[in-house]
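What follows is one structure encoded as structure tokens, with my remarks underneath.
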Amino acid sequence: MAQAPIRVAVAGAAGRMGATVCEAVAAAPDLELIARADPALDTPLAQALSAEPQVLVDFTLPSTALENARVAAQAGVHVVIGTTGFDLGALEELRGAPGNVFAAPNFAIGAVLMMQFAATAAKHMSRAEIIELHHDGKLDKPSGTAALTASLIAAAAGDTLREVPIHSVRLPGLVAHQEVILGDVGQTLTIRHDSLDRWSFMPGVLLAVRRVSTLPDSPLIGLDRLL
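What follows is the structure, given as structure tokens:
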């Protein structure tokens with residue numbers, strides 16, 4: 000007997016990422032898009048949750064993402080968070096909630112690999128700096144991906160007290176790009192990832208939607224934990 004599709008609601012559905020998530024969910028045969036929440040659509044989160052989704056995907060604002068996760072998880076709805084710019088550590092307050100919570104600073108699989116490669120290289124190179132470039136509508140500086148990359152580099156290098164400089168660029172025409180430049184005596188190494196389209200994030204988002212109900216631990220942070 001065929002398994003029923005996972006019922007999904009999207010918060011921030013009118014935004015660029017939220018709209019793309021809606022398209023991806025609607026196109027997936029094992030998922031069902033049942034609600035879109037966004038002030039621009041005059042649809043509050045409570046109305047979306049009344050449709051009884053199994054999973055809420057949140058691409059909203061740093062000021063609302065935590066409260067959205069709190070309301071949904073306490074109602075027994077699993078939550079996938081792509082919103083950045085707030086302290087992901089605050090999600091710990093939802094440990095033990097009826098709904099599981101998963102968050103990732105970046106859902107592009109290539110970006111996860113970029114961070115892993117940078118952390119490995121940092122063990123062998125003396126210094127590193129990060130340049131992150133995003134579209135001019137991105138609110139947070141530095142990006143969540145850059146902040147996580149910096150912490151991974153510091154931890155891998157065994158130098159958690161030294162700050163890894165991050166340079167943020169916000170320009171029209173960009174989507175999401177990051178390069179890590181590592182330097183040592185007489186040489187540099189550059190590791191770069193480019194998301195040229197928001198669809199680059201969708202395989203990771205859909206993976207999280209499919210896996211969030213069976214997380215080994217909640218909250219869980221980072222797409223690398225699901226790969």
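Letter 98 of the sequence shown, counting from 1, is numbered 97 in numbering that gives the first Met the number 0, and no numbers are missing. Heads up, the beta-carbon is just placed ideally off N, CA and C, and yes, glycines get one too. Values in this document were obtained by computation on a predicted structure and should not be read as measured data.
> Considering only C-alpha positions, which residue in the set K122, M201, R209 is nearest to L181?
Replying inline: K122
> Is it buried or exposed for Q177, if we count other Cβ within 10 angstroms and need 16 for buried?
Replying inline: buried
>> So the candidates are V111, I152, Q115; which of them puts its Cα closest to the Cα of A127?
In response: I152
>> Applying the 10 Å Cβ sphere with the 16-neighbour rule, what's the burial state of Q53?
In response: Looking at its Cβ environment, which holds 16 or more other Cβ atoms inside 10 Å, Q53 is buried.
>> Which residues does DSSP list as the beta-bridge partners of D37?
In response: T42
>> Do G88 and F58 have their beta-carbon atoms positioned less than 8 Å apart in this structure?
In response: no
> What does a CB cutoff of less than 7 Å around I33 pick up in its chain, not counting 5 residues either side in sequence?
Replying inline: R6, V7, A8, A50, P52
>> Between H166 and I108, how many whole angstroms is the CB-CB distance? I'm expecting something under 8 Å.
In response: Contact doesn't hold; Cβ gap of about 24 Å is too wide.
> Can the beta-carbon of P38 be found less than 8 Å from the beta-carbon of Q73?
Replying inline: no
> Apart from the five residues just before and just after G75, which ones in its own chain have a Cβ nearer than 8 Å to its Cβ?
Replying inline: P97, G98
> Taking just the CA atoms, how far does G221 sit from N105?
Replying inline: 8 Å
>> Could you tell me the alpha carbon to alpha carbon distance between A156 and L132, rounded to whole angstroms?
In response: 24 Å
> So who's on the other strand from G182, going by DSSP bridges?
Replying inline: Residue pairing by DSSP places G182 opposite R126, T187 in a beta bridge.
>> DSSP three-state label for E91, please.
In response: helix
> Three-state secondary structure (DSSP) at D223?
Replying inline: It is helical.
> Straight-line CA distance for T19 to G185?
Replying inline: Spanning the two alpha carbons is a distance of roughly 44 Å.
>> Rounding to the nearest angstrom, what Cα-Cα distance links A27 and A13 in this structure?
In response: 19 Å
> In angstroms, rounded to a whole number, what distance separates the CA positions of G143 and T119?
Replying inline: 20 Å
> So what does DSSP say about S150, is it helix, strand or coil?
Replying inline: helix
> Does the Cβ-Cβ distance between A68 and G203 come in under 8 Å?
Replying inline: Result no, Cβ atoms of A68 and G203 do not sit closer than 8 Å.
> What are the boundary residues of the alpha helix (DSSP H) that V204 is part of?
Replying inline: Element bounds for V204: 201-210.
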